[in-house]
Structures are given as structure tokens and as C-alpha cells.
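*Asks:* Counted from 1, the sequence shown has number 99 at position 100 by numbering that gives the first Met the number 0; the numbering is strictly sequential. Glycine included, C-beta positions come from ideal geometry on N, C-alpha and C.
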Amino acid sequence: MSNNNIVPLDTYWMPFTANRQFKANPRMLSEASGMFYRSDDGREVLDGTAGLWCVNAGHGRKEIAEAVYRQLQKMDYAPPFQMGHSDAFVFADRLARIAPAGLDRIFYTGSGSESVETALKIALAYQRAIGQGTRTRLIGRERGYHGVNFGGISVGGMVSNRRAFPTLPGVDHLRHTHDPLRNIFCDGLPEYGVELADDLERLVQLHGAETIAAVIVEPVAGSTGVLLPPRGYLERLREIATRHGILLIFDEVITGFGRLGAPFAADYFGVTPDIITTAKGLTNGSIPMGAVFCGRHVHDALMVGPENAIELFHGFTYSGHPVACAAGLATLDIYENEGLLTREATVLDTWRTAIQTLRDAPFVIDIRTIGLVAGIELAPRIDAPGARAYDAFVDCFQSGLLIRTTGDTIALSPPLIVDTNHIDRIVTTIQSALSRVT
Ligand code: PMP
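(1) Could you give the uninterrupted runs of the beta strand (DSSP E) lying entirely in the stretch 224-301, keeping only those of 3 residues or more?
(2) For residue 408, which residues does DSSP report across the bridge?
(3) Could you pull the start and end residues of the beta strand (DSSP E) that residue 139 belongs to?
(4) Enumerated in chain order, which unbroken segments of the beta strand (DSSP E) with a length of 3 residues or greater are wholly contained in the stretch 81-148?
(5) Give every residue of the same chain whose Cβ lies closer than 7 Å to the Cβ of residue 134, excluding the five residues on either side of it in the sequence, and list them in chain order.
(6) Ignore the nearest five residues each way along the sequence and tell me which others in residue 232's own chain have a CB closer than 8 Å to its CB.
(7) Under a three-way DSSP split, which group does residue 438 fall into?
(8) Identify the residues that DSSP records as bridge partners of residue 352: which are they?
(9) Hey, would you say the C-beta of residue 175 is under 6 Å away from at least one heavy atom of the ligand PMP?
(10) For residue 190, which of helix, strand or coil comes out of DSSP?
(11) Any chance the CB of residue 144 is under 6 Å from a heavy atom of the ligand PMP?
(12) Check residue 306 in the structure and name its three-state DSSP category.
(13) Applying the 10 Å Cβ sphere with the 16-neighbour rule, what's the burial state of residue 204?
(14) How many whole angstroms separate the CB atoms of residue 432 and residue 394, which I take to be in contact at a CB cut-off of 8 Å?
(15) Run through DSSP, which three-state label would residue 368 get?
(16) Starting from residue 333, trace the alpha helix (DSSP H) both ways and give me its first and last residue.
(17) Indicate whether residue 66 and residue 325 have their beta-carbon atoms separated by less than 7 Å.
(18) Got a sec? Which residues, its chain only, sit under 8 Å from residue 349 by beta carbon, not counting five neighbours each side?
(19) Kindly examine the ligand PMP and report whether one of its heavy atoms sits closer than 6 Å to the Cβ of residue 248.
(20) Roughly how many angstroms separate the alpha carbons of residue 410 and residue 6, rounded to a whole number?
(21) First and last residue of the alpha helix (DSSP H) that includes residue 68?
(22) First and last residue of the alpha helix (DSSP H) that includes residue 21?
(23) Which residues share a DSSP beta bridge with residue 200?
(24) Just reading off the alpha helix (DSSP H) that residue 46 is part of, what are its end residues?
(25) May I ask whether a heavy atom of the ligand PMP can be found less than 6 Å away from the beta carbon of residue 466?
(26) Specify the secondary structure class of residue 29 as computed by DSSP and reduced to three states.
(27) Going by beta-carbon coordinates alone, are residue 290 and residue 107 separated by less than 7 Å?
(28) What is the C-beta distance between residue 272 and residue 249, in whole angstroms, given that I count them as a contact (C-beta under 8 Å)?
(29) Sort 139, 426, 413 by Cα distance to residue 35 and report the nearest one.
(30) Can you confirm whether the stretch 34-51 touches the stretch 11-20 when touching is taken to mean that 3 or more C-beta pairs between the two stretches lie within less than 8 Å?
(31) Per the DSSP calculation, residue 172 is bridged to which residue(s)?
(32) May I ask you to list the residues that DSSP assigns as paired with residue 36?
(33) What distance in whole Å lies between the Cβ atoms of residue 139 and residue 116, which are believed to be in contact at a cut-off of 8 Å?
(34) At what residues does the beta strand (DSSP E) containing residue 216 begin and finish?
(35) Please name the residue in 435, 75, 416 whose C-alpha comes closest to that of residue 57.
(36) Can you list, in chain order, the residues of its chain whose CB lies under 6 Å from that of residue 161, leaving out five sequence neighbours each side?
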């Protein structure tokens, strides 16, 4: 049932949305520029979430729009199987230059979920290619989010995304890294919990290293509420994985392209995985695209056999789409020209300090900040978990701020062009929204 005279609300089945609730009281966006959206009713809405963790350079970037338009006129589409076009190669080369050392072989996809499936399949293909075909087991982590395809929900640990569906066999999970008893109000890395990485060692003891192909984690878990890795955790995971011949995959769909103040989380933490998955910020959210960054050793192990044989039976109609590559190249120009992949420490410090002041706001039980990310956790209502954060989200939207919630956590990730005025506005708007939430 539509209650809107102009927009026909009934037919569009919205993703990850309470459709009936939304359609009774829709929130519509119609324009976007810089740090702001404009709502259908003409209000300015500050973007506290970079769209959905993706519009890192801010909205309405003319350079990207023009590149897309030019490319559409020049060549709208080119098949990626046994055919190429120069931008796909040039963009891969540009990406390889900003990639963590050694991760310079790029496989294109259409989204974060596709990047994850691709990474898992490449890991399995790699193990087979080096004569380790018994390694078919995949390890993920509780409260991990790796998209919505079957591989991703299998290694993922977001319960609501998994429970209605069958998942892949031979998958295990590390425990998640959130410890509300020992690590609370963490500005930066939690001090406790490095030993959680030893879960990988335990799984090796349980199943045998010869059965495990890869372990995949988000360096900072985003969609389940901004969960930070304890100091030393990723290093230890790297060490255990290497010792047992297990590939380490970082899902950087959120953390890639400057989110933490470094080009990739791998740079931020000084830990180099074997494969990195990306999407979102790759094209500044403008045209759907993902990319999997593979270690040279992973790639080279598969470049064997007769030269006329296809090395990896995998790919998508839209892999390396010319329009997406054009958008990506224009996006990289902006990131590099404006220094957005390594924003100054002063901005990051201002962000984290300002957000941490919300610790005294009503219902706040924890705040986790890192880079230009924050998770503000509210005490759940016993009768309705998630309701309090949802109410804050609606209140903020009415007051001109877009935030995102997951469970009872408010997750913030503004465009990387954020300045101190925007930060002030984000904090004061959330503060007053929380004072009205019951
Ligand atoms: N991995 C991570 C870490 C993500 O945050 C997301 C999306 N939020 C995905 C994968 C899936 O990306 P997409 O929605 O583009 O398929």
C-alpha cells in the first residue's frame, strides 16, 4: 500500500529494509553534493556514512561524471572474456601502484560480494595449483560480514544473514574480537584479546593444516558494529596462517581506499595478506565495481599449463566494465590529487576525540573509534533490541543527518573530505537525538 501520491512505492522490493515500515513513512533522497544529500522534501542532510561506506571523495564529483559520460559515448561496453580494452589494464596498473607491496595482480568484479566469492575461489584454485588440493576448508569469523552470496554468508558470521539459508560445508569460524568486558570506549586498538588469533591454531589442530585453504577477516569489522582488532591480533593471524600454508584474505570492502587514514587497512596495520577484496570506494560509489588484489605468488601459481588454456574459470559479464574503469580512474585521480588516501592525523584525531565525547550521552554503553570510522553502541531495549538505535536514526534524519545503524550500534563513516564543522554537526545532532530517544 502506497501512501505517497507521486512515487509508486509498492513494486520496489527494497534490500535490507523493513519494507512495510518504510513504505508507511518513506525517507527519500533526491540530490547529493559534497558532504550533503538533499531529501525529497528539500532538506539538507549531512552524510555521516559516505552513502554506504563508499562515497569517500564526497558526492557529485564532476570529474567522475564527465569521465563516465565520455566513456559511455566512446565505448559503452566491451566483453571481458578473451577481449580487452586499455582502461581495464591502465586502471589495474594504477591500483597496483597504491596496493600494499606484492598485491599487484588485479581481478575485477561487480561488487563487494562478488569480490569475496572471487577471492575464496582464487584461494581454492591456488591451493590446488600448488599441489595442495586437500586444502578445501575455509575459515571466517563470527560477526564477520562478507556480502550476501553463498560463499560470503558461509564464511560470514552475521547470524540473521545465515540462518534462513544453507551454507557451504567445510567452513569454520574464529571467535569475533569484541570484548565489552575488557575493552570499552576504545579510541584506537583494544589492548586485550590478541590471543583470540590463536583460534586459527586451534582449528589447525582440530582439522589438520592440510585441509585448510584460507582464512578471511575484515581487518575492522564494519557492518556488525565496528569491531576493532586487538593490538597484535592481525599480526598473529598472519604468522599462524603463514606457518601453516593458509592464505590470509583481508576483506577491505569498507577499509580500502583511505577509510583508516592509510590507503588500505593492510598498510595501517602493517600486515600484508595474500589477497585483498575491495569495492565501494573503488569508484567512489558511483558505478558498481569491485576488485580483488592478489599477491603475485597467488597469481603466478595459476599462470601455468598450456598458454592457450584459460587459467581460471571465473569472471563476470561486467568484470572490468569500461564505464566502471573510467569512473575508477577519475576516482583515483581525486584521491591522489586531494591526498584523501592518507588524511592528516589532525582530522582523524579531531574525529575520534569528538565522537568519544558522546560517551556521556544517554544510553551510550560503548564507543569504538578508528580512522574515520566510529561505532556508538546503545543499551538495547529489553523488549525491542535495535529499536533504540533505529529511533535515533529516524530522529537524526529528521534533524538533517544520515547515520547508519546495525543492531543497537550507530556506525559512522563520513566521506573523507569531512571537516571540523561537519564533525561538530554530527556530534551535536546525535547528542540531541539521543536525548529524545526513550
Ligand atoms: N564485505 C564487506 C566487508 C562489506 O562491508 C560489504 C558491504 N557492506 C561487502 C563485503 C559486500 O559488498 P556488496 O554489498 O557490494 O556486495
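*Replies:* Here's the rundown:
(1) 246-250, 274-277, 289-293
(2) 376, 405
(3) 136-140
(4) 104-108, 136-140
(5) 126, 209, 210, 211, 212
(6) So the qualifying residues of the chain are 176, 192, 193, 195, 196.
(7) Shown here, the chain extends from 0 to 437; a query on residue 438 therefore has no answer.
(8) The partner list for residue 352 (beta bridge, DSSP) is empty, contrary to what the question assumes.
(9) No - the ligand PMP has no heavy atom lying nearer than 6 Å to the Cβ of residue 175.
(10) coil
(11) yes
(12) coil
(13) exposed
(14) 4 Å
(15) strand
(16) 321-336
(17) yes
(18) 419, 422
(19) no
(20) 29 Å
(21) 61-73
(22) First-last of the alpha helix (DSSP H) with residue 21: 18-23.
(23) None, per the DSSP bridge assignment.
(24) From DSSP, residue 46 is part of no alpha helix (DSSP H) but of the beta strand (DSSP E) over 43-46.
(25) This structure gives no information on residue 466, because the portion of the chain shown stretches from 0 to 437.
(26) strand
(27) yes
(28) Contact flag correct, Cβ pair sits at about 4 Å.
(29) 413
(30) no
(31) Under the DSSP definition of a beta bridge, residue 172 partners with 139.
(32) Per DSSP, the beta bridge partners of residue 36 are 31, 44.
(33) Incorrect: roughly 13 Å between the Cβ atoms, too far for contact.
(34) That run of the beta strand (DSSP E) goes 211-216.
(35) 416
(36) Within the same chain, residue 161 has close Cβ partners 152.
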